[in-house]
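Data block below; observations after.
Put into structure tokens, the structure is as follows:
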């Protein structure tokens, strides 16, 4: 059973970025899981539900085999129908409270929050975890708004659910987050477009799990 | 209780078309319901779930007051969360069988079908009704594929669920469909962008309910 409140690598399986790197999402999931990643999110903006559902069914099945958590971005209908463990909702998606109502208590519902206020609201509405960013500049999400480490730490102090840093995180810069005690990280291109998916994940895993990196 | 298998007017509340006509979806629903329409579908392509959900919640509530059926286009998560009676799924959306699995037996799931084969498949997967078209040329749905009255009649003979004609139907041409025995019609611009929503609906209602129009 994957615990959201452990030090974790949460991999964003952005399909266009994975394809751009000449890879398949299944092999990326396998290699990153081998390197220590425990949570995976399918993200494919702009496609019809039918296409997203096909990806989601395959990845949900593989995730079960690998013993990792599988989450679908934005679309709760696809997430529920494909047997995913959860859905991740942005501030423009279905309200968390509405999603919680139809998904039940055990479904994971993640929420993006760009401010302390949004994070507190998301927790109150029933979010299972908060994603906060962009903690570093990112090219994967073109509409990302810059965030700060200070705000992330403040959110982490004020909400009880786990908070994940997201945006531009990779094997080279994750140590900076760990030096602030931040050990739950969402990684996109830093893993899925890395020279070696397994090695990049492994390096990040070792960095977030090395107590000596904590100040 | 609205029966899908009665002669029915099913109004497509296409938000951009309604706005283009200088109207509000709530007043269009009220006037069309007053004119005899019993089924309403919220259609708003391209917007985020958060926006669609706001429309859906308001229209679902109004539909309950008016005693009409309310359906959301494409997105089952929004439909379920907003308390709609059903969802309408196109051929590129979530598969009908996957939608049925998460929505339960009593939820209305409509399916677009462009051929007899697609209609039979949709019924087998659990569709509550079939929408077939475009029966007339339409400007509301830019990617509509032309259909034929012959194919619609064949579908209606071969499936047990109600079949609805869709595409370019209005008060002037609905009589042609009725002369073939087709009395279940989906109407978009023909009602929502008509000079008078109530009058257009009333005229269509009288045409589909006048037994003398049947050959």
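Protein chains in written order, with our numbering: chain A, 53 to 267; chain B, 53 to 267. Built from N, CA and C at the ideal position, the CB exists for glycine as well. Treat the numbers as computed from the prediction; the structure is a model and nothing was measured.
**OP:** Check whether the Cβ of residue 153 (chain B) lies closer than 8 Å to any Cβ atom in chain A.
**Re:** yes
**OP:** Please confirm if residue 129 (chain A) has its CB atom under 8 Å from at least one CB of chain B.
**Re:** Taking Cβ atoms only, chain B reaches closer than 8 Å to residue 129 (chain A), which makes this a yes.
Subject >> residue 107 (chain B) at chain A interface by Cβ criterion, 8 Å >> reply: No, no contact with chain A.
Original post:
Which of helix, strand or coil does DSSP assign to residue 250 (chain A)?
Top reply: helix
**OP:** Identify the contact partners of residue 102 (chain A) in chain B, using a Cβ-Cβ distance below 8 Å as the criterion.
**Re:** 143, 144, 145, 146, 147
Original post:
If we ignore side chains and look at the alpha-carbon of each, how far apart do residue 253 (chain B) and residue 61 (chain B) end up?
Top reply: 8 Å
**OP:** Keeping to the same chain, check which residues put their C-beta closer than 8 Å to that of residue 199 (chain A); ignore five residues upstream and five downstream.
**Re:** 166, 184, 185, 186, 187, 219
Subject >> Whole-angstrom distance between residue 90 (chain A) and residue 119 (chain A), CA atom to CA atom >> reply: For residue 119 (chain A) and residue 90 (chain A), the distance between alpha carbons rounds to 8 Å.
Subject >> Cβ distance (whole Å) where residue 182 (chain A) is taken to contact residue 211 (chain A) below 8 Å >> reply: 6 Å
**OP:** Give the residues from the region 110 to 141 of chain A that approach chain B closer than 9 Å (Cβ to any Cβ), ordered along the chain.
**Re:** 126, 127, 128, 129, 130, 131, 132, 133, 134, 139, 141
**OP:** Show which residues of chain B have a CB atom less than 7 Å away from the CB atom of residue 150 (chain A).
**Re:** 105, 133
Subject >> Between the CA atoms of residue 245 (chain B) and residue 229 (chain B) - distance to the nearest angstrom >> reply: 21 Å
Subject >> Supposed contact pair residue 177 (chain B) and residue 147 (chain B) - C-beta distance, whole angstroms, cut 8 Å >> reply: 7 Å
Original post:
Apart from the five residues on each side of it in sequence, which residues of its chain come closer than 6 Å, Cβ to Cβ, to residue 255 (chain B)?
Top reply: 223
Original post:
Hey, would you say residue 160 (chain A) sits closer than 8 Å to residue 137 (chain A), going by beta carbons?
Top reply: yes
**OP:** Identify whether residue 182 (chain B) lies in helix, strand or coil by the three-state DSSP scheme.
**Re:** strand
Original post:
residue 193 (chain B): buried (16+ other C-beta within 10 angstroms of its C-beta) or exposed?
Top reply: Residue 193 (chain B) counts as buried, since at least 16 other C-beta atoms from the protein chains shown sit within 10 angstroms of its C-beta.
Original post:
DSSP three-state call for residue 99 (chain B): helix, strand or coil?
Top reply: coil
**OP:** Out of B:106, B:98, B:243, point me to the one whose CA is closest to residue 225 (chain B)'s CA.
**Re:** Here the closest residue by C-alpha is B:243.
**OP:** Would you mind reading off the limits of the beta strand (DSSP E) that contains residue 121 (chain B)?
**Re:** 121 to 125
**OP:** Return the Cβ separation of residue 64 (chain A) and residue 95 (chain A) in integer angstroms, given the expectation that the two are a contact with Cβ distance under 8 Å.
**Re:** 6 Å
Subject >> Cβ-based neighbour list, residue 122 (chain B), same chain, cut-off 7 Å, excluding 5 preceding and 5 following >> reply: 92, 111, 112, 115, 136, 137
**OP:** Pick out whichever of B:68, B:82, B:141, B:67 has its Cα sitting closest to the Cα of residue 101 (chain A).
**Re:** For residue 101 (chain A), the nearest C-alpha among the options comes from B:141.
Original post:
Going by C-alpha distance, which of B:151, B:139, B:144 is nearest residue 133 (chain A)?
Top reply: B:151
Original post:
Does DSSP put residue 63 (chain B) in a helix, in a strand, or in coil?
Top reply: strand
Original post:
Of the choices A:56, A:79, A:241, A:257, whose alpha-carbon is the least far from that of residue 8 (chain A)?
Top reply: Since the displayed chain A opens at 53 and closes at 267, residue 8 (chain A) lies outside it and no answer follows.
Original post:
For residue 26 (chain B), does the three-state DSSP call read helix, strand or coil?
Top reply: Residue 26 (chain B) lies beyond the residue range present for chain B, which begins at 53 and ends at 267; the question has no answer from this structure.
Subject >> N- and C-terminal bounds of the beta strand (DSSP E) containing residue 237 (chain A) >> reply: 236 to 239
Original post:
Ordered along the chain, which non-local residues of its own chain (more than five positions away) have a Cβ less than 6 Å from that of residue 67 (chain A)?
Top reply: 96
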